[in-house]
Structure formats: structure tokens, C-alpha cells
Amino acid sequence: MTAPLRVGLLGCGRIARLAHLAVLSRLRGVNLVALAEADPQRRAEVRRLPAVAMVADYRELLDRPDVEAVIVALPPSLHADAAITAFERGKHVYMEKPLALNLAEAARMLATWRRTGLVGMIGFNYRFNQLYATAREQIGAGRLGELVTARSVFSTSTRPMPEWEQTRERGGGALLSLGSHHIDLMRFLLGREIRDVSAGWRTQRTEHDTAVLQMRLDDGLLVQSFFSLSGVEEDRVEIYGQEGKLTVDRSWSLDVEISPITLRYARARHLARALRALRGIPHAVDKIMSPGREPSYRAALAHFAAAVRFGRRASPDFCDGYRSLAVVEAAERCGTTDRWISLGDPLDAGLGMAATSGAAVEAAARRPRGVADA
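At position 46 of the sequence shown the residue is numbered 46 (the UniProt record's numbering), and the sequence of numbers has no breaks.
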């Protein structure tokens with residue numbers, strides 16, 4: 001496909017207005033042709049976009065023959081219906097995280113995706129952040145030596161929330177809303193799968209708005225993460241090795257920080273690193289000039305569009321979304337049992353049934369679908 005990809009956007013909420021609308025209206029090789037938004041006030045706010053059709057019902061948008069692919073930015077309770085309907089009507093799908101509310105819905109989505117052979121990509125845009133891409137390269141190159149542990153914090157300050165974000169049943173909660181990103185990020189950075197989980201949470205302003213998650217990876221490495229929807233703004237990852245420590249602060253870092261095992265000369269090295277970043281890293285100047293902008297949204301959507309236009313496999317895909325959701329579900333069960341849960345634990349009947357079903361679907365989805373690798 002050499003013609004521009006005709007895209008529809010489902011949902012014009014916070015993330016769509018923060019990122020998707022601006023990116024899609026300027027992205028090379030993409031024409032934004034239709035928007036779906038149920039809220040009349042939001043529809044009025046985005047009517048300024050020229051030559052874009054506006055509908056209230058996302059199903060009406062999915063019926064349009066001029067829409068080839070959709071970006072789903074709806075509440076999570078609508079993700080399964082929107083994706084399955086889109087695939088069945090021949091549309092490629094970019095799904096904002098989380099993939100679904102639960103593994104049962106996710107397994108149905110994966111099965112439909114596999115059957116249709118269309119592009120299905122999950123919006124784990126952190127993979128396209130240059131800081132995390134560099135961190136992955138440094139870890140893979142052995143800069144830290146043998147890994148010891150990892151930890152992360154993802155916290156947001158209090159802000160007005162739509163009703164659906166205030167309860168887990170409709171897609172809220174810190175684990176699903178924030179944890180989904182960092183669960184996938186740890187898989188991406190460390191190149192390992194998550195084997196066991198343990199977690200706890202509390203409710204302050206909204207249901208399950210603060211959580212602590214522990215993960216044991218398939219090689220035994222322990223990872224700890226803290227998530228809160230009622231804290232201060234922080235989005236930070238630290239990886240510890242026997243030869244040093246790697247730090248990325250998504251909001252403030254200009255470059256990946258690697259501290260040696262000794263702190264000798266650490267201050268001078270930190271200053272030198274900052275100066276090099278300003279001179280030699282294009283995204284560093286971008287971050288200083290536009291500190292609130294997150295360029296990974298554009299990179300992720302460009303990757304999706306290229307996958308559709310040129311017949312490539314999109315990554316991260318729906319299988320990656322399923323893996324992240326499996327960890328969230330297991331972690332939520334831990335909060336009521338106060339124990340570690342294995343993602344493949346046959347003693348845990350409810351999770352075990354979902355994991356078995358999902359594993360079978362994932363295996364099928366990973367088989368060649370007639371789409372060339374990127």
C-alpha cells in the first residue's frame with residue numbers, strides 16, 4: 001500500500017486529546033477521516049478538524065468503508081467489543097492499553113485477531129521512547145554485569161477522573177491503568193518473562209488507586225514496582241547489576257544514567273553526561289524545549305501505520321497486551337490471598353483456566369499469518 005492509510009479514532013477522551021489527535025492529523029502517510037465520541041461536549045471541542053467525519057456511536061464508524069484502520073481510545077470496558085467488531089469488519093486495530101478488562105475478553109480478542117490476519121497492535125508506547133530503547137541496548141550489551149534486581153515507580157498526581165476510571169470493574173485502578181505500562185516495560189528492558197507475582201493495594205480516593213507489585217522473572221530475578229493514582233508525578237525505572245546501576249526518569253532524564261559500582265567521580269561524570277546529552281542527543285533538546293511532550297506516541301502510531309501499509313508485523317502486539325493483563329489479574333488475586341501466585345499455577349483454578357486458554361490462543365497467534373516480519 002502506497003496511498004495514505006485512512007484511519008478512524010474511537011474515543012476523544014484525555015489520551016486522544018493529549019496525543020492521538022495531534023499526531024494523527026500530522027503523521028505522514030496517514031489520513032484521519034473519522035472520529036467517534038459519545039460525549040456531545042467533546043465532539044464540539046474537536047469539530048475544528050477539517051474534512052473529518054464525526055459520529056456519536058463507534059459502531060457507526062466501524063461500518064464506514066472509507067476507514068481502513070482504527071485507533072481505539074475508549075474506556076477499557078468497551079475494548080473487547082470495539083476490537084472484535086473492527087477485526088470482523090476488516091479494520092486493522094491499534095488498541096490503547098490495557099488490552100481488555102479481563103483475560104476472558106482478551107482471549108476472544110486474540111482469537112478474532114488470529115482468524116482475520118489483520119494488524120493488531122497494543123499501545124505500549126514506552127517501547128518507542130528513545131530513553132528506554134537506549135536502556136535496553138545498554139542492558140543487553142552487559143554494561144551492568146549480571147543483573148541483581150530492578151524496581152520502578154509510576155505515580156500520578158490527583159486529577160479529575162471520569163467515572164469509569166474510579167472503579168476497577170470499568171477499567172480503573174493503579175495496576176490496570178499504570179501497572180500495565182511498567183509490566184510490559186520490564187519484559188521489554190530485561191528480555192525475560194514474568195513467572196510469579198505478589199501484590200497488595202489500598203483504596204484512598206478511588207478504588208485500588210495505590211498498589212505495590214512484586215514480580216519474580218523466569219530466571220529468578222526479583223522486580224518491585226509501586227503504582228499510585230493519588231501520589232506525586234513520577235515515572236522512574238532503576239536496574240541494578242553487579243557492575244553498576246541504570247536509571248531512567250521518563251519525565252526528567254535527558255539520557256540514560258549509568259552509575260558505576262563506586263560513587264568515586266560520580267558527580268563529575270554526571271555533569272559530563274548531561275553536557276554530552278545536550279550536544280549529541282536530538283531528543284534531549286526536544287525535552288528541554290517541550291518538557292510535557294511524549295514523542296513515543298508518534299513513533300508508536302507511525303510503526304502501526306507502516307505495519308499496515310507495507311505488510312509488516314506490528315510489535316508490541318495483542319499477545320504482549322495479553323501477557324501484561326495476565327500479570328495484572330494475578331496481582332489482583334494476590335491482594336485477597338496475601339501470597340505469591342504463579343501465572344501457570346494449576347492450583348489457582350480461575351486464573352489457571354484463563355491462562356491455559358490464553359496460552360493456546362497466543363501460540364496460535366504467534367504462528368505465521370502470511371505477514372512478513374518487520
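By construction, the Cβ of each residue, glycine as well, lies at the ideal position given by its N, Cα and C atoms. As the structure is a computational prediction, the values presented were derived from the model and not from experiment.
Straight through space, the alpha carbons of Val197 and Ser342 are spaced by roughly 6 Å.
Residue environment for Ala19: buried (at least 16 other C-beta atoms within 10 angstroms of its C-beta).
If the five residues before and after Pro260 are omitted, its C-beta is found closer than 6 Å to the C-beta atoms of Gly244, all from its own chain and listed in chain order. When only Cα atoms are considered, Tyr240 and Ala150 end up about 6 Å apart. Going by C-alpha positions, Ile15 is about 14 Å away from Ala36.
For the options Glu45, Val328, Met109, the alpha carbon positioned closest to that of Ala199 is the one of Val328.
For His92, the enclosing beta strand (DSSP E) stretches over residues 92-95. Counted as a single uninterrupted DSSP element, the beta strand (DSSP E) harbouring Pro260 occupies residues 257-260. In terms of Cα proximity to Ala86, the closest of Ala107, Thr112, Ala141, Leu103 is Thr112. Ranked by Cα distance from Ala3, the options Asp317, Arg309, Asp338 are led by Arg309. When DSSP states are grouped into helix, strand and coil, Trp201 belongs to the strand group.
Comparing alpha-carbon positions, the option among Arg17, Val67, Leu175, Gly145 lying closest to Leu190 turns out to be Gly145. Rounded to the nearest angstrom, the gap between the Cα atoms of Ala44 and Arg168 is 29 Å. Collapsing the DSSP output to three states places Met161 in coil. Boundaries of the beta strand (DSSP E) harbouring Glu238: 234-241, taken from the DSSP string.
Note on Glu60: under 16 other CB atoms within 10 angstroms of its CB, so exposed under the neighbour-count rule. Contact check for Asn125 and Tyr297: beta-carbon distance about 5 Å, within the 8 Å limit, so the pair qualifies. Your pair Gly11 and Pro162 does not check out as a contact, with CB atoms roughly 11 Å apart and the cut at 8 Å.
Pairing Ser324 with Pro98 gives a Cβ-Cβ distance under 8 Å. Counting of Cβ neighbours within 10 angstroms places Pro65 among the exposed residues, the total staying below 16. Under DSSP, Ala211 shares a beta bridge with Trp201, Phe227. With a 10 Å radius around the Cβ and a threshold of 16 neighbouring Cβ atoms, Asp218 comes out exposed. Thr210 is positioned such that its CB atom lies closer than 8 Å to that of Ser230.
Residue range 120-122 is occupied by the beta strand (DSSP E) that includes Gly120. Between the alpha carbons of Glu137 and Ala53 lies a gap of roughly 42 Å. Counting every other CB atom within 10 Å of its CB across the protein chains shown gives Asp184 a total of 16 or more, marking it as buried.
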